[in-house]
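Structure first, commentary second.
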Amino acid sequence: MKRAPRPQLTILAIIIASGLTACGGGGGDSATTATRSASDNAAPSPSPSPSPSPSPSPSPSPSSTVLSMTCVDGADYQCSGGSIVRTDNGVALTSSGVQVYGRSTSDVINESANVSTASGLAPASGGVAEMRIGRQGDAVNRAAVLLRNLGLTWDGKVERPLIIETFKTTQGRVQLDGNGALQSSTTLPPPSDLGFYDFADRGPAATQANYANNQYFPRSEPSRCGAGAATCPTTDTAGLSTQSGNWRSGGTAPDRIDGVRLHNDGDIHAGNGRPDANGNPTILPGGSGIGVPFPGSKGYRSLSDFSYRYGNLAAWTTQDTVQIAEWTLGSMQEHNKLRRGLVAFGDVTDAAQVPASGSASYTGMVYGWYAPNGVDDASPFSGTATVQVNFATRKATVTLQNPVLETGGASVPVGLSAVLDIGSGNLAGYFTGSASNLSLSGGMSGRWFGPVSNGAPAEVGGTFTLSNSGSKAVALGGFIGRRQ
Numbered sequence: 001m002k003r004a005p006r007p008q009l010t011i012l013a014i015i016i017a018s019g020l021t022a023c024g025g026g027g028g029d030s031a032t033t034a035t036r037s038a039s040d041n042a043a044p045s046p047s048p049s050p051s052p053s054p055s056p057s058p059s060p061s062p063s064s065t066v067l068s069m070t071c072v073d074g075a076d077y078q079c080s081g082g083s084i085v086r087t088d089n090g091v092a093l094t095s096s097g098v099q100v101y102g103r104s105t106s107d108v109i110n111e112s113a114n115v116s117t118a119s120g121l122a123p124a125s126g127g128v129a130e131m132r133i134g135r136q137g138d139a140v141n142r143a144a145v146l147l148r149n150l151g152l153t154w155d156g157k158v159e160r161p162l163i164i165e166t167f168k169t170t171q172g173r174v175q176l177d178g179n180g181a182l183q184s185s186t187t188l189p190p191p192s193d194l195g196f197y198d199f200a201d202r203g204p205a206a207t208q209a210n211y212a213n214n215q216y217f218p219r220s221e222p223s224r225c226g227a228g229a230a231t232c233p234t235t236d237t238a239g240l241s242t243q244s245g246n247w248r249s250g251g252t253a254p255d256r257i258d259g260v261r262l263h264n265d266g267d268i269h270a271g272n273g274r275p276d277a278n279g280n281p282t283i284l285p286g287g288s289g290i291g292v293p294f295p296g297s298k299g300y301r302s303l304s305d306f307s308y309r310y311g312n313l314a315a316w317t318t319q320d321t322v323q324i325a326e327w328t329l330g331s332m333q334e335h336n337k338l339r340r341g342l343v344a345f346g347d348v349t350d351a352a353q354v355p356a357s358g359s360a361s362y363t364g365m366v367y368g369w370y371a372p373n374g375v376d377d378a379s380p381f382s383g384t385a386t387v388q389v390n391f392a393t394r395k396a397t398v399t400l401q402n403p404v405l406e407t408g409g410a411s412v413p414v415g416l417s418a419v420l421d422i423g424s425g426n427l428a429g430y431f432t433g434s435a436s437n438l439s440l441s442g443g444m445s446g447r448w449f450g451p452v453s454n455g456a457p458a459e460v461g462g463t464f465t466l467s468n469s470g471s472k473a474v475a476l477g478g479f480i481g482r483r484q
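Okay, so the sequence shown: first residue is 1 according to UniProt numbering, each after it adds one.
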């Protein structure tokens, strides 16, 4: 399968090359974070996933379990669901998707050679990645990534507020309404609104949610990078870019959207200090001007979504500054953590409609990240995927072929063929099992998407987690395919 060219993510390249994704003292112009406690145990972190336990024949979930796609944002959205139903073979099942994710191995501060970066990859569990993509006709034109319980804390005590990323190109504030639907056009308060930006009055007891999911750029004030910075970003995102696949004309290449945003979540300098005796605004400690200093002072997020008509495979990343100096009163070492994962989701096939006989074949692609050891950072890879299904024997055989790094084209040891078990009852549209090759072992799960026609659902997708306890190599990935 011919892969679509990878977009040039200029903003992301700038922020990584410049080392601006973390800035001590809340991201001000000077690094004010001194050497502090090396402990990173003050708040819970997602635990490494245990070795997947075999689930040879997934039995039905309770009849009350929602296993269909219901999107609160409207009929023109496809979504994955915001809670975990169960976990089989190291892969989490949601109402209309399956997902895996991992953490950076530099999470523990004693192991972090550079607190301004986060690197390495290890499987993790306990968090949830919720995907919401909007469509116009059969094409994706907007997307939101909601991330929760990923072991990210600003104050070393509580989990940071829910991440809601939409990659919008205008100033604003993203929230959820009372029904949980996106509200992405909320006006962003000015830095002088100390009732909203209440750190000036309340210090670390300030309202954390008011410093999350705000988009401060573009703005009229200049960016203020630290001394010696090679570049200083002035915008935080270029929005979503799109590439059309050839699946509409009978091919197997999906559409692709990509987005990157340099975020400021947790940066207290979004608000002013208390006015002076003459009523003039002041600057909070650690800053050198009014408003947040520059895009990406606290990290970045990215999304790549591969889509057909009914199903999607989303690859997401978030890098976040944790144990922020101001929120911890300088009692902890500010540093970065990184989380990345994959979600296969969409308009899942009604379990009652999945055939009990016959066979089907699907062809598409595999995408994911591979890290060769417990230190080096992960790199994206892609390849081809096929799924052969025998509905009578309740078996699905997933084959991953020719996986290579997206940059450089080097082969990665992710090729394999796994025979997975199809569920029963309300899980008849779900399959799961162990997966391994000579280098890696773990688990894999998948779902069918779209209506049943001519004896089989239209599309298929899934995710997997693979690792080697000796070499510490890890692969997290997903696949998506169309019926042939």
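For every residue, glycine included, the Cβ atom is placed at its ideal position computed from N, Cα and C.
* Around the Cβ of Val-158, are there at least 16 other Cβ atoms within 10 angstroms (buried) or fewer (exposed)? -> By one-based count along the sequence shown, residue 158 stands at place 158. Counting the other Cβ atoms within 10 Å of the Cβ of Val-158 gives fewer than 16, which makes it exposed.
* Asked: From what residue to what residue does the alpha helix (DSSP H) around Phe-217 run?
  -> To locate residue 217, count along the sequence shown from 1; it is residue 217. In the DSSP annotation of this structure, Phe-217 is not part of any alpha helix (DSSP H), being labelled neither H nor E.
* To do: Report yes if the C-beta distance between Trp-154 and Thr-317 is below 9 Å; otherwise report no.
  => Here residue 154 corresponds to residue number 154 of the sequence shown, with the count starting at 1. Here residue 317 corresponds to residue number 317 of the sequence shown, with the count starting at 1. If you check the CB distance, Trp-154 and Thr-317 do not come in under 9 Å.
* **Terminal residues of the alpha helix (DSSP H) in which Ala-200 lies** => Walking along the sequence shown from the start, residue 200 turns up at place 200. Taken as a continuous stretch (DSSP letters only), the alpha helix (DSSP H) holding Ala-200 covers 199-202.
* Within this structure, are the beta carbons of Asn-426 and Thr-169 separated by less than 9 Å? -> Taking the first residue of the sequence shown as 1, we reach residue 426 at position 426. Taking the first residue of the sequence shown as 1, we reach residue 169 at position 169. In terms of Cβ geometry, Asn-426 and Thr-169 do not form a close pair [threshold 9 Å].
* Three or more C-beta pairs closer than 8 Å, one from the region 271-283 and one from the region 188-196: is that the case here? -> Output reads yes: the region 188-196 touches the region 271-283.
* Determine the burial state of residue 493: buried for a count of at least 16 other Cβ atoms within 10 Å of its Cβ, exposed for fewer. => Nothing about residue 493 can be reported from this structure: the residues present for the chain run from 1 to 484 only.
* List the endpoints of the continuous beta strand (DSSP E) containing His-269. => In the sequence shown, counting from the first residue as 1, residue 269 sits at position 269. First-last for His-269: undefined, no H or E at that position.
* So does the region 248-258 actually touch the region 280-295, counting three or more Cβ pairs closer than 8 Å? -> No, the region 248-258 does not touch the region 280-295.
* **Opposing strand residues paired with Gln-78 [DSSP bridges]** => Working through the sequence shown from its first residue, we reach residue 78 at position 78. When DSSP reads this structure, Gln-78 sits in a beta bridge with Ile-133.
* Asked: Do three or more CB pairs link the region 329-348 to the region 108-121 at distances below 8 Å?
  -> A contact exists between the region 329-348 and the region 108-121.
* **Cβ pair count under 8 Å reaching 3, the region 427-435 against the region 444-453** => Yes, the region 427-435 touches the region 444-453.
* Asked: Do Leu-188 and Asn-214 have their C-beta atoms closer together than 9 Å?
  -> Position 188 of the sequence shown, counting from 1, holds the residue named residue 188. Position 214 of the sequence shown, counting from 1, holds the residue named residue 214. Taking C-beta atoms as the reference points, Leu-188 and Asn-214 count as a pair closer than 9 Å.
* In whole angstroms, what is the alpha-carbon distance linking Pro-285 and Ser-297? -> Residue 285 sits at position 285 when you count from the first residue of the sequence shown. Residue 297 sits at position 297 when you count from the first residue of the sequence shown. It is roughly 15 Å from the alpha-carbon of Pro-285 to the alpha-carbon of Ser-297.
* Closest Cα partner of Ser-107 within the set Ala-360, Ala-356, Leu-176, Gln-319 -> To locate residue 107, count along the sequence shown from 1; it is residue 107. The sequence given here has Asp at residue 107, not Ser. The candidate whose alpha carbon is nearest that of Asp-107 is Gln-319.
* beta strand (DSSP E) containing Asn-336: first to last residue? -> If you number the sequence shown from 1, residue 336 lands on position 336. Element bounds for Asn-336: 335-346.
* Work out the CA separation of Pro-380 and Ala-410 for me, nearest whole Å. => Along the sequence shown, read from residue 1 onward, the residue named residue 410 stands at position 410. Along the sequence shown, read from residue 1 onward, the residue named residue 380 stands at position 380. Looking at the backbone, the Cα of Ala-410 and that of Pro-380 are separated by about 11 Å.
* **Simplified DSSP assignment, three categories, for Ser-439** => Against the sequence shown, residue 439 aligns to sequence position 439. DSSP places Ser-439 outside both helix and strand once states are collapsed to three, so it counts as coil.
* Asked: How many Å lie between Leu-303 and Gly-239 at the Cα?
  -> Your numbering for residue 303 matches position 303 in the sequence shown. Your numbering for residue 239 matches position 239 in the sequence shown. About 11 Å.
* Asked: Quick one: what's Glu-459 bridged to in DSSP?
  -> Against the sequence shown, residue 459 aligns to sequence position 459. Looking at the DSSP assignment, Glu-459 forms a beta bridge with Phe-449, Arg-482.
* Asked: What residue range is occupied by the uninterrupted beta strand (DSSP E) comprising Ala-122?
  -> For the purposes of this step, residue 122 is taken as residue 122 along the sequence shown, with counting starting at 1. Counting along the chain, Ala-122 sits inside the beta strand (DSSP E) bounded by residues 122-124.
* Test item: CB-CB of Tyr-310 and Gly-450 under 9 Å -> For the purposes of this step, residue 310 is taken as the residue at position 310 of the sequence shown. For the purposes of this step, residue 450 is taken as the residue at position 450 of the sequence shown. Cβ distance < 9 Å, so Tyr-310 and Gly-450 count as in contact.
* Do you know whose CA, among Ser-471, Phe-345, Gly-137, lies nearest Ala-122's CA? -> Walking along the sequence shown from the start, residue 122 turns up at place 122. When each option's Cα is compared against that of Ala-122, the closest is Ser-471.
* Tell me residue 510's beta-bridge partners as DSSP assigns them. => As shown, the chain starts at 1 and ends at 484. That puts residue 510 outside it, with no answer to give.
* When DSSP labels each residue in this structure, what does Trp-369 get in the three-state scheme? -> Counting from 1 along the sequence shown, the entry for residue 369 is found at position 369. Reduced to three states, the DSSP call for Trp-369 is strand.
* Cα separation between Ser-357 and Thr-252? -> Here residue 357 refers to the residue found at position 357 when the sequence shown is read from its first residue. Here residue 252 refers to the residue found at position 252 when the sequence shown is read from its first residue. It is roughly 25 Å from the alpha-carbon of Ser-357 to the alpha-carbon of Thr-252.
* To do: Report yes or no: do three or more beta-carbon pairs, one from the region 60-76 and one from the region 392-412, lie closer than 8 Å?
  => Verdict: no, contact absent.
* Asked: For Trp-73, does the count of other Cβ atoms within 10 angstroms reach 16, so buried, or fall short, so exposed?
  -> For the purposes of this step, residue 73 is identified with residue 73 of the sequence shown, where counting begins at 1. Looking at the sequence provided, one finds Asp at residue 73 rather than Trp. Burial call: buried.
* Evaluate Asn-278 with the Cβ neighbour count: other Cβ atoms within 10 Å of its Cβ, from every protein chain shown; 16 or more gives buried, anything less gives exposed. => Numbered from its first residue, the sequence shown carries residue 278 at position 278. Flag for Asn-278 reads exposed.
* Considering only residues of the same chain and omitting the five flanking positions on each side of Asp-350, which have a CB-CB separation below 6 Å? -> For the purposes of this step, residue 350 is taken as the residue at position 350 of the sequence shown. Contacts found: none.
* Backbone CA spacing between Asn-280 and Ala-200 [nearest angstrom] -> Taking the first residue of the sequence shown as position 1, residue 280 is located at position 280. Taking the first residue of the sequence shown as position 1, residue 200 is located at position 200. As the crow flies, the alpha-carbon of Asn-280 is around 14 Å from that of Ala-200.
* Cα-Cα separation between Ser-51 and Gln-323, rounded to whole angstroms -> Translated into the one-based positions of the sequence shown, residue 51 becomes position 51. Translated into the one-based positions of the sequence shown, residue 323 becomes position 323. Confidence at Ser-51 is low in this model, with a pLDDT of 47, below 50, so its placement is unreliable and no value can be given for it.
* To do: Answer with buried or exposed for Gly-127, where buried requires no fewer than 16 other C-beta atoms within 10 angstroms of its C-beta.
  => Looking up residue 127 in the sequence shown gives position 127. With 16 or more other Cβ atoms inside 10 Å of its own Cβ, Gly-127 counts as buried.
* Asked: Between Pro-60 and Asp-265, what straight-line distance do the alpha-carbon atoms span, to the nearest angstrom?
  -> On the sequence shown, residue 60 is found 60 positions in, with the first residue counted as 1. On the sequence shown, residue 265 is found 265 positions in, with the first residue counted as 1. Cα-Cα distance, rounded: 40 Å.
* Let me know the secondary structure DSSP gives Ser-244 once reduced to three states. => Counting from one through the sequence shown, the residue named residue 244 turns up at place 244. Ser-244 falls in the coil class under three-state DSSP.
* To do: Let me know if residue 512 comes out buried or exposed under the rule of 16 or more other beta-carbons within 10 Å of its beta-carbon.
  => Shown here, the chain extends from 1 to 484; a query on residue 512 therefore has no answer.
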